[in-house]
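Protein chains in written order, with our numbering: chain A, 3 to 503; chain B, 383 to 853. To start, the structure under review is shown below, and the notes come after it.
Here it is in structure tokens:
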């Protein structure tokens, strides 16, 4: 078996092992071991990848393997990674691992919970290693459907409504995506070759412009819905707010990144002509996402809703950067995906932990937590600072790169949008500082809170790993952005070719 | 007739023999359990023998044809019926059916023979005979619970509406015969001239088949009959009977009516959209699971049309593949409903609240089947649907595919309602834990195996692809 397939096999084996566990303790232990192995694999992958590149391997995808699946349709189980997918796999590894520890105390149907959670992770890992549109689409749907059960069974608040809304909107998006993928497939023989789902093969073909014009919006919106593209973002706040902690972490941290990743890997990379033509329209939409999400966050009172809207804003920024269609901005987009993934996972983990103690997420009922649970409170501050882009943490690197790239467009339209989007950082500062000031530093609202304890060991693992990752990227961003940069060349090359013609 | 010609008709002859053996057993023994087991064994043998390699050829002056394609289709129907026989055993052991056990098997096997003849036909008369043989016994089966008004009503409704549809179909055939002068498939495909009368004849034929496959607007009998008929009969109607009709419909459209393909494709386009959408919209509000599955099966028929509309070997492959998957999937869903109904008599969605906490295995199977019906990976339904959509996109029907996928999303909503009932809803008095018998378990396990394996195993798809034909 090849190395990359392990990323699908390990979770599946973990699931099978969980089926045979007897109680909650065994279940979570097995889950932690399985996902720990997965994290180690991800770290190993990063080093293996860097070593390969250093050794001078310049092929687009490394460790790639292809197995024939449905021969007559030319569908392959085709996997491989470049710097971007390696970074995303690393992110997923971290978030899933910490997610297991954040749900250490789930006691209602624990087996089913961890099985669904890891099943979801399987889909995400599979998505990031695929370079075949069919497998990619398959894994995308695998990642979406467990959300329904996870939110519906273990969620809080109007969970059934949120779960249904989220599932249907994402599945509706996959309707557009499916048509887009089939459209690309049936135009992939434009150069005279055979029909193929292989992304690298399709990239070599110049798909006719009429087809591009039809299928670019479908693919982009299809993935964009998952990346909270305005006006299709409405599933996100409800879904995040109702989901149990680990699911919010995974969903905001990783699943929404599927949208951004797919948008440039499929929509931009394979349909560059239409991307150049139509980017203006979607730029406006993503610009609205960015600003609207930030404003939305200001007016919320529930911690989870604040974070959910801030996710809309930050993920909007990812799509915004992708649509700038130049190397720097794309690099920033990937950095932002990783930075936001880590930071939002930390946020949701902390909110879950605070909620588990105080049984409320309303800011006006919380206060003075710094005195009661200093570790959690400090972590919250760190997450907040990363979110508003403080230098030295990951958020700063990502946002700087994005706006730097966006400003390379000299025309008025892009300038105005960039300035507007950049202004959202100020709004972010407003809502982050307000929350931090109120819930952490204000007077203790409730005498009961004095009895609460600070983070337990499993919670420290969860937050610690995430903080290390955030600070790591913030302090030493170059190795990551270099790794991403090389892999952006094919995409940028595609986009440039269109312009030259 | 020499021995070789017998071999060509192997499926029909085997089934007829099975039928006769059951009939003799019925006359000579009072042991009902024995008859149930005997039927299962006989059908098992028939199914296995059906897979032995067979020559291609035709009989009775090309009235009857056999090819690898038809053999494949018949085998698929046999497998489905075998699963059904496993699932039926426990239900039919109930005391109220004691005096009519063997009738059930006799009638089912008769219809299966009819379907086999229908699929193998090379002449419209043969086709019509097969069709009638496949339909009339089912009406008797629908009224199997004769003492229940609703079942008797279902029988009457089925017989009346299929008589009407057969009449329409026959009228269409007579027009075609009047203008062409022959009912042989081969003659007709050559002599078809697109005169108005011929086209009218074709439309009548189309409408008649629409009844059998329950396409909108010919679907009105479906929900009532499914609700009234015993669950296992409804499940037979929804998979085997429908599957057979789809098979022969596709073959006839591809071979006989290929010269007016652009016309029936337009017709198909509209009917596919109507069938999917109306089936789905009505399914949304159903509380009775039998009615629910009835409307869901109407919607599924709409998806199948996406394969037919392509008109190439790709389309036919995806149809056969989808029907195969659909048989396992729908029998899984019906199997669970049947098992619960036999044990507790409950058939409403509300009764399923909290089922997971008492009967986790059944709930999981139900969830798998529903996900497969909705087309969620990694279960087989995803592959079936994906390839149907691929087939339609192959002919450039992208908007049709789009509408279909939106419909698949709508269908996901109501399938999730059942999942929600089983897994999420709270219930003070959920259906108590019960144990199913061995045969039911085998029947359900076969479905599970099929739901998981058929999609992931591409050789099955490639095997079907080998024999599929296009226009």
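We put the CB at the ideal spot given by N, CA and C, even for glycine.
Task: Identified DSSP bridge partners for residue 730 of chain B - done: DSSP lists B/670 as partners of residue 730 of chain B.
Task: As assigned by DSSP and simplified to three states, the class of residue 37 of chain A - done: Assigned with DSSP and collapsed to three states, residue 37 of chain A falls in helix.
- [ ] May I ask which residues mark the beginning and end of the beta strand (DSSP E) holding residue 71 of chain A?
- [x] From DSSP, the beta strand (DSSP E) with residue 71 of chain A extends over 64 to 72.
TODO: Could you name each continuous alpha helix (DSSP H) segment of 4 residues or more that falls completely within the stretch 233 to 279 of chain A, going from the start of the chain to the end?
DONE: Qualifying alpha helix (DSSP H) stretches, in chain order: 237 to 244, 247 to 252, 258 to 264.
Task: Residue nearest to residue 419 of chain B in terms of C-alpha spacing, selected from B/685, B/469, B/449, B/818 - done: Closest option to residue 419 of chain B, Cα to Cα, is B/469.
Open item on the list: In this structure, how does DSSP classify residue 503 of chain B when only helix, strand and coil are distinguished?
Closed with: In the structure shown, residue 503 of chain B sits in a strand (DSSP, three-state: E or B).
TODO: Quick one: using the 10 Å Cβ neighbour count with 16 as the cut-off for buried, is residue 602 of chain B buried or exposed?
DONE: Exposed, by the Cβ-count rule.
Open item on the list: Restricting to Cα atoms, I'd like to know which of B/486, B/448, B/441 is closest to residue 435 of chain B.
Closed with: With distances taken between Cα atoms, residue 435 of chain B lies closest to B/448.
TODO: Let me know the alpha helix (DSSP H) ranges lying completely inside the stretch 377 to 419 of chain A, each 4 residues or longer, listed in chain order.
DONE: Taken in chain order, the whole alpha helix (DSSP H) runs of length 4 or more contained in the stretch 377 to 419 of chain A are 396 to 408.
TODO: Given a cut-off of 9 angstroms, decide if residue 451 of chain B and residue 850 of chain B are closer than it, judged by their beta-carbon atoms.
DONE: Cβ distance < 9 angstroms, so residue 850 of chain B and residue 451 of chain B count as in contact.
Task: Proximity below 9 angstroms, CB of residue 802 of chain B to CB of residue 729 of chain B - done: A distance of 9 angstroms or more separates the beta carbons of residue 802 of chain B and residue 729 of chain B.
Open item on the list: Tell me the DSSP secondary structure of residue 197 of chain A in three-state form.
Closed with: Residue 197 of chain A: coil per DSSP, three-state reduction.
TODO: Spell out a yes or no on whether the stretch 164 to 176 of chain A and the stretch 193 to 207 of chain A are touching, meaning 3 or more CB-CB pairs, one atom from each, closer than 8 angstroms.
DONE: Contact between the stretch 164 to 176 of chain A and the stretch 193 to 207 of chain A is absent, because fewer than three Cβ pairs lie under 8 angstroms.
Open item on the list: Using beta carbons (cut-off 9 angstroms, strictly below), is residue 667 of chain B in contact with chain C?
Closed with: This model lacks chain C altogether, as its protein chains are A and B.
Task: Sequence-distant residues of the same chain with beta carbon closer than 6 angstroms to residue 608 of chain B, five excluded per side - done: Same-chain partners within the cutoff: 616, 672, 676.
Task: Coarse secondary structure for residue 649 of chain B, derived from DSSP in three states - done: When secondary structure is reduced to three states using DSSP, residue 649 of chain B falls in the helix class.
Task: Of the residues B/521, B/496, B/567, B/405, the one placed nearest residue 443 of chain B, counting alpha carbons only - done: In terms of CA proximity to residue 443 of chain B, B/567 leads the group B/521, B/496, B/567, B/405.
Task: Cα-Cα separation between residue 299 of chain A and residue 427 of chain A, rounded to whole angstroms - done: Inter-residue distance for residue 299 of chain A and residue 427 of chain A is about 12 angstroms (C-alpha atoms, whole angstroms).
TODO: Flag residue 2 of chain A as yes if its beta-carbon sits less than 9 angstroms from any beta-carbon of chain B, otherwise no.
DONE: With chain A running from 3 to 503 in the structure shown, residue 2 of chain A is simply not present.
- [ ] Assign residue 414 of chain A to buried or exposed, taking buried as 16 or more other Cβ atoms, counted over all protein chains shown, within 10 Å of its Cβ.
- [x] Residue 414 of chain A comes out exposed.
Open item on the list: Just to confirm before moving on: does the CB-CB distance between residue 413 of chain B and residue 459 of chain B stay below 9 angstroms?
Closed with: Taking the C-beta atoms as reference points, residue 459 of chain B is found no nearer than 9 angstroms to residue 413 of chain B.
TODO: Pull up the DSSP beta-bridge partners for residue 439 of chain B, would you.
DONE: Residue pairing by DSSP puts residue 439 of chain B in a beta bridge opposite B/448.
TODO: Could you tell me if residue 755 of chain B is buried or exposed, where buried requires 16 or more neighbouring beta carbons within 10 angstroms of its beta carbon?
DONE: When all chains shown are included, residue 755 of chain B counts as buried.
- [ ] Determine, using beta-carbon pairs with one atom in the stretch 650 to 657 of chain B and one in the stretch 677 to 684 of chain B, whether at least three such pairs fall under 8 angstroms.
- [x] By the Cβ rule, the stretch 650 to 657 of chain B counts as touching the stretch 677 to 684 of chain B, because three or more pairs are nearer than 8 angstroms.
Task: Alpha-carbon spacing of residue 388 of chain A relative to residue 250 of chain A, whole angstroms - done: Whole-angstrom Cα-Cα distance: 18 angstroms.
Task: Beta carbon of residue 472 of chain B nearer than 9 angstroms to that of residue 526 of chain B - done: With a cutoff of 9 angstroms on beta-carbon distance, residue 472 of chain B and residue 526 of chain B are scored as not near each other.
Task: the stretch 638 to 654 of chain B in contact with the stretch 512 to 519 of chain B per 3-pair CB rule at 8 angstroms - done: Counting C-beta pairs closer than 8 angstroms gives fewer than three between the stretch 638 to 654 of chain B and the stretch 512 to 519 of chain B, which falls short of the contact rule.
Open item on the list: At the level of alpha carbons, what is the spacing between residue 597 of chain B and residue 720 of chain B?
Closed with: Roughly 25 angstroms separates the two Cα atoms.
TODO: Kindly list, in the order they appear in chain B, the residues whose Cβ is closer than 8 angstroms to that of residue 163 of chain A.
DONE: For residue 163 of chain A, no chain B residue has a Cβ inside 8 angstroms of its Cβ, as the nearest lies near 11 angstroms away.
Open item on the list: For the alpha helix (DSSP H) containing residue 780 of chain B, name the first residue and the last one.
Closed with: Unbroken alpha helix (DSSP H) run through residue 780 of chain B: 780 to 805.
TODO: Would you kindly work out how many angstroms separate the C-alpha atoms of residue 184 of chain A and residue 794 of chain B, rounded to a whole number?
DONE: The straight-line gap from Cα to Cα measures roughly 21 angstroms.
Task: CB contact flag (residue 65 of chain A, residue 5 of chain A, <9 angstroms) - done: Cβ atoms of residue 65 of chain A and residue 5 of chain A: closer than 9 angstroms.
Open item on the list: Beta carbons nearer than 8 angstroms to chain A: which residues of the stretch 763 to 776 of chain B have them?
Closed with: The stretch 763 to 776 of chain B vs chain A, Cβ under 8 angstroms: 764, 768, 769, 771, 772, 775, 776.
Task: Buried or exposed by the 16-neighbour rule on C-beta atoms within 10 Å, applied to residue 478 of chain B - done: Exposed, since its Cβ has fewer than 16 Cβ neighbours within 10 Å.
- [ ] Return no unless some Cβ of chain B is closer than 9 angstroms to the Cβ of residue 348 of chain A.
- [x] Not an interface residue.
Open item on the list: Please state whether the Cβ-Cβ distance between residue 446 of chain B and residue 397 of chain B is less than 9 angstroms.
Closed with: In this structure, residue 397 of chain B does not lie closer than 9 angstroms to residue 446 of chain B by Cβ.
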